[in-house]
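S.K.: Attaching a single structure in structure tokens format; questions to follow.
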Amino acid sequence: QTKWDLPAAYPASNFHTENLEQFAKDVDKATGGKLKITVHANASLFKAPEIKRAVQGGQAQIGEILLVNFQNEWQIFGADGIPFLADSYDAAYKLWRAQKPLLEKKLGEQGMMVLYAVAWPPQGIYTKKTLSSAADMKGLKWRAYSPATARIAELVGAQPVTVQAAELSQAMATGVIDSYMSSGSTGYDTKTYEHIKNWYDTQAWLPKNAVIVNRAAFNALDKATQDALLKAGAEAETRGWAASKKANAETLDKLKANGMQILTPPPGLKADMQKVGDTMLKEWLEKAGPEGQQLVDSYKKM
Amino acid sequence: MRKLLDFIYDAAAWLAALAMVGVLLMVLLSIVSRQLQFHVAGTDAYAGYAMAAAGFLALAHTLKRNEHIRVTLILARLQGGARRGLEIWALTAAVLLAALFAFYSVRLAVVSYQLNDVSTSNDATPLWIPQLAMAIGTLVLLLAFVDEWVQELRGRRVVAENEEALHNE
Amino acid sequence: MNDVVITTLLIVSLFALLASGVWIGLTLAGVAWIGMQLFSSRPAGDAMAVTVWGSASSWTLTALPLFIWMGEILFRTKLSESMFRGLAPWVSRLPGRLLHTNVIGCTIFAAVSGSSAATCATIGKMTLPELGRRGYPEDITIGSLAGAGTLGLLIPPSIIMIVYGVTADVSIARLFVAGILPGILLAALFSGYLGVWSALNRGRVPPPDAPMSLRERLHESRHLIPVVLLIGAVLGSIYSGFATATEAAAVGVVGSLVLSAAQRSLSWATFKESLLGATRLYCMIALILAGAAFLTLAMGYIGLPRHLAEFVSSLGLSPFMLVIALSIFYIILGCFLDGISMVVLTMGVILPTVTAAKIDLIWFGIFIVIVVEMAQITPPVGFNLFVLQGMTGKEITWIARVTMPFFFLMCGMVLLLWWFPGIAVWLPSKM
Ligand code: NA
Ligand code: NA
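Residue numbers (my numbering), protein chains in the order written: chain R, 1 to 302; chain Y, 303 to 471; chain E, 472 to 902.
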């Protein structure tokens, strides 16, 4: 019997984590208990930024990472964080198909492999005031929690503010920030509706969690177990994308029930944000080089 | 030799104190930048690195001032040879554990360098740089423990009076 | 390997290392090392380094060294002396008199700081020398400080509530509000105990100063102005949105420097001393935190807390018995792990059981905070005990003994909370 540890950063009630638990059960069943995977949710084993390295170094055999987190290391990890490149579930899935071969190569060089990836719900803009164009975003106190969200703030003239996730709720209550960009589910989880009443459903991007495996640990399994793992991974991917869509619909309903206005971005805002997206894509391509161009080309052909 | 060792402990402690000022400055910078509407990326991360440096670099100096805490209940009741034996055991265990800590801290920085491990937040710092503070701090702590151990074996170890205790008596 | 065998071996090695005088932070790392080498197939060293680095450089902790520094600066000003002068005429008729300063100070400071160690260190730096000089007995002053310092967790803002709120999917704002009444009640219990203790130990409380008229008392209160200004500045910075709760610590340091300059006690020498003193005290705590982070990791790999939690969940208890069982479970776990690790390692298993027993999750959050508060003062691993050992040089066993009454008061608080759940859930229901 082989035992694997799977560190994950999100709480047990999150749909990604529930999917991981189901995946671990499927593997257990399919291998007749030969491979036991323990899911350590809620960053109880390793914190989000440490998980990739833990899998690479063999401290965990398998782990779940947020891909865009690792954009500083290699630009392609951040392809699903470029605003308006892929702005729906279908587009995001195409982008994943374009991104996957590059990721497989990179992670392969690092002694890892990618098992599957599942998108988070699409990102929109939470803001205290209503917006009709990007000009209205000037001077907003905007939570910048990643290089991309900081850059958006600069491009629209908002004031990027650094606030940690742990202090988000309080920062909104006291007015340290009055706007940020995230998915409906993040807004629901952090009780954003207690402080901010507008959410513009811009569908700006759909970041993905990927489950990665240490190659040496995988090679140490017998062929039947490897196949069972891959099969369970493929099933988890299908199940995860469906769960993400379902979670998105449910949380938007829950947000509405709690008084959040779910707004379609007005044409002016939409056009301006598209421009922001174009600028950021151009900047990203400069940094990502030929690999980035290859990814975007193959994505646009799909 | 004594002078050189003491210099190393104190120099590291001064770097740690500087890092403490760094924590303050980074947090102040994030407050001030928000008020004056400019943006410095990664102040939170830098504050974290400075805090780590403050903690690790002062380890040896704090040991030498006898301000790392331990349970001395049994030690205090023993006399002569028994006491010395237990003290040598505690120091031996400490040397081994400090060696472990130092070895893997150095390895952490080296592996970060080899893997090109970069901070995931806005600062994008190559992590081996701030991790150097942990590597150096734990190495100096190991040095200080070996120093104490050797002196105990030679029967010359003098344990500093804990100054803090005096304030409250 | 059987869980009972693992537990026994780890506890025996923990006590053996501690008792033989190995430094506490290194002991925790040593126990974690033994645990991982013997009971998990994972390579221990690299995982240790990654985790220790992660916790030592984590931004959430930055308020701790800054608050410690603030305490060191204030300790070198006349602030505590003038604070005591201002308070003395008001508490002179209360049984216990200035003994209440620890509880009052910690309660107020708890509204500024989210951590129990920071509350204990900052307030202790000001009250312990002053109470000692005025002849108050050491055992009760140190005990009440250790106990009251834990209020930092219950009175908002609170780090542990944020961790619980995210884990249990409960509103953090509501949790914060829910902590206010229990926090004040617990402070009142502490003060009440101090009053009873003083009535029973009349000879040990120093006599009051000469009685004063109301006018004189009001006049003496001018000495409270600096401390009120300082606390007002820190609290104000949080609630006006000038700074976040973590950043407020930096406001506290700057405020103390300004105050110390205004009182002409700021010189290069005192600045240097406060800086080095704070660096050493923080460093002492940092070594223990590093060991504790590694121990938490080892526990995560070995799965002991998870198995124990699964065991408690499997008993099929009535809600009351479940709360009692969980209290015992967390008190035992709290002897060996720090509060946040306890929550992170067990919540996944405990929450479904708690939900199934139809226990209100806000109520349960307050319950968790109180048991985590207890963990701060139970030996061998109790952070308030460590802070106080660092500050006073007393044996940890002695500190744990003088703190014991406050531990039992917290146990009483859990029962009160069970019989009168409104203490926790009434205020948030009004939101
Ligand atoms: Na607090
Ligand atoms: Na404890």
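For every residue, glycine included, the Cβ atom is placed at its ideal position computed from N, Cα and C.
Only a predicted model underlies this, so the values are computations on that prediction, with no experimental measurement involved.
Any chance you could list the residues with Cβ under 6 Å from a heavy atom of ligand 1, keeping chain order?
M.R.: Spelled out in chain order, the answer is E:581, E:584, E:585, E:623, E:626, E:627, E:628, E:629.
S.K.: Would the beta-carbon of residue 638 of chain E be found less than 6 Å away from any heavy atom of ligand 2?
M.R.: Outside the cutoff, so no.
S.K.: Who are the neighbours of residue 163 of chain R on chain E, taking C-beta pairs under 8 Å?
M.R.: Correct list: 715.
S.K.: Are there 16 or more other CB atoms within 10 angstroms of the CB of residue 306 of chain Y, so buried, or fewer, so exposed?
M.R.: With fewer than 16 other Cβ atoms within 10 Å, it is exposed.
S.K.: Buried or exposed: which applies to residue 673 of chain E, given that a residue is buried once 16 or more other Cβ atoms fall within 10 Å of its Cβ?
M.R.: Exposed.
S.K.: Which complete beta strand (DSSP E) runs does the region 187-226 of chain R hold, if anything under 3 residues is left out?
M.R.: Segments of the beta strand (DSSP E) lying fully in the region 187-226 of chain R: 198-200, 208-214.
S.K.: Which word fits residue 690 of chain E, buried or exposed, when buried means at least 16 other C-beta atoms lie within 10 angstroms of its C-beta?
M.R.: Exposed is the call here.
S.K.: With 16 other CB atoms within 10 Å as the buried threshold, where does residue 470 of chain Y fall?
M.R.: A caution first: residue 470 of chain Y carries a pLDDT of 35, below 50, which makes its placement in the model unreliable, though a value can still be read off. Under this definition residue 470 of chain Y is a buried residue.
S.K.: Checking contacts by CB at 7 Å: is residue 422 of chain Y closer than that to chain R?
M.R.: Residue 422 of chain Y counts as touching chain R.
S.K.: Would residue 129 of chain R count as contacting chain E if we go by Cβ distances under 7 Å?
M.R.: Judged by the 7 Å Cβ criterion, residue 129 of chain R is not in contact with chain E.
S.K.: Excluding five sequence neighbours on each side, which residues of the same chain lie with their C-beta closer than 8 Å to the C-beta of residue 298 of chain R?
M.R.: Answer for residue 298 of chain R: 98, listed in chain order.
S.K.: If we call anything under 7 Å between Cβ atoms a contact, is residue 171 of chain R one with residue 160 of chain R?
M.R.: No.
S.K.: Looking only at C-alpha atoms, which of E:626, E:645, E:640, E:630 sits nearest to residue 167 of chain R?
M.R.: It is E:630.
S.K.: By the three-class DSSP mapping on this structure, what secondary structure does residue 124 of chain R have?
M.R.: The answer is strand: DSSP assigns residue 124 of chain R an E or B state.
S.K.: Distance check for residue 680 of chain E and residue 777 of chain E, CA to CA, integer angstroms please.
M.R.: Their backbone Cα atoms lie some 55 Å apart in a straight line.
S.K.: Would you tell me roughly how many angstroms separate the C-alpha atoms of residue 655 of chain E and residue 578 of chain E, rounded to the nearest one?
M.R.: Whole-angstrom Cα-Cα distance: 8 Å.
S.K.: Could you compute how far the alpha carbon of residue 466 of chain Y sits from the alpha carbon of residue 591 of chain E?
M.R.: Model confidence at residue 466 of chain Y stands at a pLDDT of 48, short of 50, so the residue's coordinates are unreliable; what they give is reported in the following sentence. Cα-Cα distance, rounded: 15 Å.
S.K.: Say yes only if the C-beta of residue 460 of chain Y is nearer than 6 Å to one or more non-hydrogen atoms of ligand 2, and no if none qualify.
M.R.: Outside the cutoff, so no.
S.K.: Go ahead and label residue 78 of chain R buried or exposed: buried means 16 or more other beta carbons lie within 10 angstroms of its beta carbon, across all protein chains shown.
M.R.: Residue 78 of chain R comes out buried.
S.K.: Hey, does residue 832 of chain E have any beta-carbon neighbour from chain R nearer than 7 Å?
M.R.: Chain R contact via Cβ: absent.
S.K.: Beta-carbon within less than 6 Å of residue 620 of chain E's beta-carbon, same chain only, minus the 5 sequence neighbours each way: which residues are those?
M.R.: Contacts found: 577, 587, 590, 591, 855.
S.K.: Would the beta-carbon of residue 793 of chain E fall within 7 Å of that of residue 828 of chain E?
M.R.: Result yes, Cβ atoms of residue 793 of chain E and residue 828 of chain E sit closer than 7 Å.
S.K.: Okay, do the region 492-506 of chain E and the region 756-764 of chain E touch, 3+ Cβ pairs below 8 Å being the bar?
M.R.: Counting Cβ pairs under 8 Å, three or more are found: they touch.
S.K.: Check for me: the beta strand (DSSP E) holding residue 179 of chain R runs from which residue to which?
M.R.: Element bounds for residue 179 of chain R: 179-183.
S.K.: Hey, does residue 73 of chain R have any beta-carbon neighbour from chain Y nearer than 7 Å?
M.R.: Yes, residue 73 of chain R lies at the interface with chain Y (some Cβ there is under 7 Å from its Cβ).
S.K.: Report all residues from its chain with a CB closer than 6 Å to the CB of residue 188 of chain R; omit the five preceding and five following residues, and keep chain order.
M.R.: For residue 188 of chain R, where only same-chain residues beyond five positions count, the Cβ hits under 6 Å are 251, 254, 255.
S.K.: Comparing C-alpha positions only, which one of E:826, E:849, E:562 sits nearest to residue 683 of chain E?
M.R.: Minimum Cα distance to residue 683 of chain E is reached at E:562.
S.K.: For ligand 2, is there any heavy atom lying closer than 6 Å to the beta carbon of residue 882 of chain E?
M.R.: No, the beta carbon of residue 882 of chain E sits no closer than 6 Å to any heavy atom of ligand 2.
S.K.: What residues from chain E crowd round residue 341 of chain Y, counting only those whose CB sits closer than 8 Å?
M.R.: Here the premise fails: no neighbours, minimum Cβ distance about 16 Å.
S.K.: Can you list the residues of chain E that residue 372 of chain Y reaches, using a CB-CB cut of under 7 Å?
M.R.: Simply 492, 493, 494, 495.
S.K.: Tell me the rounded alpha-carbon separation between residue 660 of chain E and residue 536 of chain E.
M.R.: Computed Cα separation, rounded: 30 Å.
S.K.: For residue 76 of chain R, does the count of other Cβ atoms within 10 angstroms reach 16, so buried, or fall short, so exposed?
M.R.: The residue in question, residue 76 of chain R, is buried, as its Cβ has 16 or more Cβ neighbours within 10 Å.
S.K.: Check whether the region 15-29 of chain R and the region 233-240 of chain R are in contact - that is, three or more C-beta pairs closer than 8 Å.
M.R.: Touching, yes, given that three or more Cβ pairs across the two stretches are closer than 8 Å.
S.K.: Out of curiosity, what's the CA-to-CA distance linking residue 662 of chain E and residue 880 of chain E?
M.R.: Going from the Cα of residue 662 of chain E to the Cα of residue 880 of chain E covers about 11 Å.
S.K.: Should residue 513 of chain E be labelled buried (16 or more other beta-carbon atoms within 10 Å of its own) or exposed?
M.R.: Its Cβ being crowded by 16 or more others within 10 Å, residue 513 of chain E is buried.
S.K.: Taking residue 479 of chain E and residue 717 of chain E to be in contact with their CB atoms under 8 Å, please state how far apart those CB atoms are, rounded to whole angstroms.
M.R.: Between residue 717 of chain E and residue 479 of chain E the Cβ distance is about 40 Å, and since that is not below 8 Å, they are no contact.
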